[in-house]
Each structure stands twice: as structure tokens, then as C-alpha cells.
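Residue numbers (my numbering), protein chains in the order written: chain A, 163 to 265; chain B, 163 to 265.
Please read the structure below before turning to the comments.
2 protein chains.
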Amino acid sequence: MSKIDVAKMSKVFRALSNKNRLQLFLNLLDESRLDLAKGRTHDCFLTNIISNLRIGAPSISHHVRELEAAGLIETTKEGKQLVCSIRPEAMDDIAAFFSARSV
Amino acid sequence: MSKIDVAKMSKVFRALSNKNRLQLFLNLLDESRLDLAKGRTHDCFLTNIISNLRIGAPSISHHVRELEAAGLIETTKEGKQLVCSIRPEAMDDIAAFFSARSV
DNA sequence: TTGTTAGTTTGCAAAATGTCGAAGTATCAA
DNA sequence: TTGATACTTCGACATTTTGCAAACTAACAA
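Structure below.
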């Protein structure tokens, strides 16, 4: 199991501590579940996962970068559009840590 | 699986987003691992889990209440001392959230 | 009773965060 | 080339967060 340090972990939680940012991440997670379960990554256009957020484009842009800086997602450009994907390693690290049965 | 409440979950993440607060929680988690793995709770004196935090007593007091308000821990008084314990359900929620394999 | 320990409450200041409007860039379409 | 779409960057501003000092309370010891 890879070791996680407190500073890094707190950044992950910070990234998910804002309602809009969490919602954005959850939208992406919903889209990605099936692929993640199979051990694959899943690419998703940003436009498709921000429809239920009531904030402006600058804020969205800012939130995406926070999620990326925390290591939770990766992004690439595809033409005009931004493509997002969840980093499975980030999910795994934290899941392992908080699994009560992992002693 | 229970549906995720964004507002509630973001509060949990917010509680763990501060380095000192996370460290405090992790100290408690370290102490609690064995019991949690057996499905039990574990009581811990506050004094024992704050030794590596470089902040004053008022800040500690504040952080403990934040963790409690987020539903991550429970506290009781024992004489002069405060006793803390991790709420196992909170752990389960977090583990489930980050488990990519749970579809 | 007097002192000590363990934590709480209050009030305050510095720093970080979240959102926005305005302006800018890059891609693609007409 | 003109316009539209999909972001990004840059201040600015209000709100929240974090931590501290000072004063306070409750439990216990001497």
C-alpha cells in the first residue's frame, strides 16, 4: 500500500469540501463508475458534468483546477472542449486508508 | 447503497481538510484501528492524540467540535478529561465513497 | 481553601476561499 | 473574415476559516 502524507491527504479533502466542487466530482464519478469498476479510466466532456451547477464559467474553471491540483482528476483538451477523468490511484489510496478492516 | 447527500458529505470533507484537524483525526484512527477492525468503537483521551499538534488549546477545542459536528467522532467527559471515539459509520461512508469498485 | 490541570468561551486579526464581471484566447463554422 | 462556443485569466470583493490571547469553568489534589 502506498503511503499518504497528511498534507497531501488534507488537500484531497479540501478539494472535495466545497459543495459545487464535490457535485462536479460526483457527476464525473457517476459517469465513470462502470469503467472504474473494471479498472479502466473514463473520459468525460466537462460540459456534460456541470449542468446542475449554478455558478459561472470562471468558477467552474477554478474548481476543475483545484480537483486536478489535488490529484483527483486529470484533464486534456479536445478541440474547444475540456475532457476530464478520475485518477483511479487517488481513489484507491484513500479507500484503502479508510477501510476500517485494513489494519 | 445509501444515496450520497452532497451537503452532508462536503461537511465531512471540510472537517478533514485542515491539516491539524486531519492529524488529530488520524491519531485517533491509529489508536482505534484494531477495535474498528473488530467492529468495535475505541475510546481515547484527547490528551493522548494531540501531542504532535503545534496549536493552542483553544484551537484544539475548536477542531474537536468541528469533527464532532461533521459526525466523524463522538465525545464524552470523564472527569477533567475529554474522551473521543471515531464513529464507525462515518468511516464506512468515506470508504464507500472512495471505493471505485462499488457500483 | 488554594492551586493545578484540562478544556471552553469570547473576541479579534490575518489569511484563505468562492464567486463574479470584464476581458482574453483558441477552436471551429459559416 | 466574422461570429460563436468553450473555456481561461485577472482583479475585486464578501465570507469563511484558522489561530491566538485573555478570561472562564469544572474537577481534582494538597
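Where a beta carbon is used, it is the ideal one built from N, C-alpha and C, also for glycine.
Remember, it's a predicted structure, so these values are computed and weren't measured experimentally.
DSSP has residue i in a bridge; who is on the other side?
i	result
A:Ile248	A:Ile235
A:Glu193	Answer is none; A:Glu193 lacks a bridge partner.
B:Gln185	In DSSP, B:Gln185 forms no bridge with anything.
For residue i, which residues in chain A fall below 9 Å Cβ to Cβ?
i	result
B:Asn180	Ser172, Phe175, Arg176
Under 8 Å from any heavy atom of the ligand FAD, does the C-beta of residue i make it?
i	result
B:Ile217	Judged by which ligands are present, the structure shown has none, so any question about the ligand FAD falls away.
In chain B, which residues lie less than 9 Å from residue i when you measure between Cβ atoms?
i	result
A:Gln185	Val168, Ser172
Taking C-beta pairs closer than 7 Å, name the residues in chain A that residue i reaches, listed in chain order.
i	result
B:Phe260	Met253, Ile256, Ala257, Phe260
In chain B, which residues lie less than 8 Å from residue i when you measure between Cβ atoms?
i	result
A:Leu188	Ile166, Val168
Starting from the beta carbon of residue i, find every residue of chain B whose beta carbon is closer than 7 Å, and list them in chain order.
i	result
A:Pro250	Ala262
Discussion item. Under 8 Å: do the region 230 to 245 of chain A and the region 240 to 256 of chain B share three or more Cβ pairs, one atom per stretch?
Written reply: no
Worksheet entry | Complete alpha helix (DSSP H) runs within the region 206 to 236 of chain A (minimum length 4 residues, chain order) | 219 to 231
Discussion item. Would the region 204 to 218 of chain B count as touching the region 184 to 191 of chain B if we require 3 or more Cβ pairs under 8 Å?
Written reply: yes
Worksheet item: Does the region 250 to 263 of chain A touch the region 249 to 263 of chain B, meaning 3 or more C-beta pairs lie closer than 8 Å?
Response: yes
Worksheet item: Is the number of C-beta pairs between the region 229 to 237 of chain A and the region 171 to 182 of chain B that are closer than 8 Å three or more?
Response: no
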